[in-house]
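Student:
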Amino acid sequence: MSCIERTKFLLWSRPVFRTCEIIANHAARIFENGRSLANARAELDELNQKRMRYQRVLNRIGASHSHVCMECKGKCCGGARERDAFTDRVLQHPDTPHRLGRRKTGNMAAYDVAPERVTSTVAHVEGECVPGFCPELTTRGCRIPYELRPIQCTAYFCNATINELSPKECRTGSKALIGLMKVQIAAALLALKSRGRKS
Ligand code: SF4
Ligand code: SF4
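4 is the number of the first residue of the sequence shown in the numbering used here; add one for each residue after it.
1. Have a look at G199 and I64 and give me their C-alpha separation to the nearest angstrom.
2. Where do the ends of the alpha helix (DSSP H) carrying M73 lie?
3. Beta-carbon within less than 8 Å of P148's beta-carbon, same chain only, minus the 5 sequence neighbours each way: which residues are those?
4. Just to confirm, are A27 and D98 a CB contact at a threshold of 9 Å?
5. Would you identify the three-state DSSP class for G135, choosing helix, strand or coil?
6. Under 9 Å between the Cβ atoms of T141 and N62?
7. With distances taken between CB atoms, is the gap from H70 to L168 smaller than 9 Å?
8. With a 10 Å radius around its C-beta and 16 neighbouring C-beta atoms as the bar for buried, classify C6 as buried or exposed.
9. The alpha helix (DSSP H) that contains M184, what's its start and end?
10. Helix, strand or coil: which one does DSSP assign to T122?
11. Do you know offhand how far K171's Cα is from N36's?
12. Quick check: does the Cβ of G20 come within less than 8 Å of any heavy atom belonging to ligand 2?
13. Count the other C-beta atoms from every protein chain shown that fall within 10 angstroms of the C-beta of L183, then say buried if there are 16 or more, exposed otherwise.
14. Could you pull the start and end residues of the alpha helix (DSSP H) that K11 belongs to?
15. Leaving aside the five residues before and after A179 along the sequence, list all residues of the same chain whose C-beta is less than 7 Å from its C-beta, in chain order.
16. Please find out if some non-hydrogen atom of ligand 2 comes closer than 8 Å to the beta-carbon of P153.
17. Rounded to a whole number of angstroms, what is the C-alpha to C-alpha distance between S39 and T164?
Here you go:
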């Protein structure tokens with residue numbers, strides 16, 4: 004039973020989520036007309052609240068495998084490639100100047116929407132950066148508060164972490180992943196709807 008739940012969770016977390024993320028993210032970027040999504044703030048805010056709720060759920064179930072990540076030291080945060088997608092940025096910061104599929108310059112939206120949380124004096128913020136990894140990874144963990152991280156960061160679970168989850172956690176996590184995918188698809192549809200909106 005636990006094997007089935009874990010396999011289902013793995014499929015949602017990796018191939019299904021990844022495919023949805025790529026398609027919905029690029030669709031939203033292509034559907035937007037200029038910066039038309041900036042004129043759909045109320046709807047974006049509603050979607051962003053949902054995104055944060057689902058990411059908090061994934062954070063809670065992830066607590067059972069934090070020791071695995073501590074030992075691994077953030078392998079999945081490897082490479083300097085920026086992780087935040089267009090959808091992440093417009094949901095958190097509709098006026099973001101970074102409107103490419105993947106941000107190439109500047110900071111994640113968390114620095115604009117909650118600078119006090121990213122630059123506070125807690126240990127993981129003050130830790131040293133890890134060369135060759137995401138610029139937000141420090142020797143004490145990720146600097147970005149969990150609900151403000153890119154969606155793909157919170158949706159990814161490697162085999163070692165999935166093995167630590169109970170069947171109930173897998174079911175709860177699967178629902179949160181499906182919720183996040185719905186948020187991404189809704190953002191793409193909203194981009195289409197926003198095309199004719201004037202600021
Ligand atoms: S999710 Fe897996 S790869 Fe990523 S830090 Fe945790 S143990 Fe390492
Ligand atoms: S934002 Fe945080 S969780 Fe995401 S890749 Fe960077 S260090 Fe890892």
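Positions of the beta carbon are idealized from the N, C-alpha and C atoms, including for glycine.
Model, not experiment: these values are computed from the prediction.
Tutor: According to the structure shown:
1. Their backbone Cα atoms lie some 41 Å apart in a straight line.
2. Looking at the DSSP string, the run of the alpha helix (DSSP H) that includes M73 is 69–75.
3. Residues of the same chain with a CB within less than 8 Å of the CB of P148, apart from the 5 flanking positions on each side, are A113, A117, R120, V121 in chain order.
4. Contact flag unset, no.
5. Residue state, collapsed to three classes: coil.
6. At a Cβ-Cβ threshold of 9 Å, T141 and N62 do not count as neighbours.
7. Not in contact: H70 and L168 (Cβ atoms no closer than 9 Å).
8. Burial check for C6: the Cβ neighbour count within 10 Å stays below 16, so the residue is exposed.
9. 170–196 is the span of the alpha helix (DSSP H), which, as asked, contains M184.
10. T122: coil per DSSP, three-state reduction.
11. Roughly 42 Å between the two C-alpha positions.
12. For the sequence presented, residue 20 should be read as Phe rather than Gly. Answer for F20: no, Cβ out of range of ligand 2.
13. Burial call: buried.
14. That run of the alpha helix (DSSP H) goes 5–14.
15. Excluding sequence neighbours, A179 sits near Y57, V60, L61.
16. Correct: P153 has its Cβ closer than 8 Å to ligand 2.
17. So the alpha carbons of these two residues sit roughly 39 Å apart.
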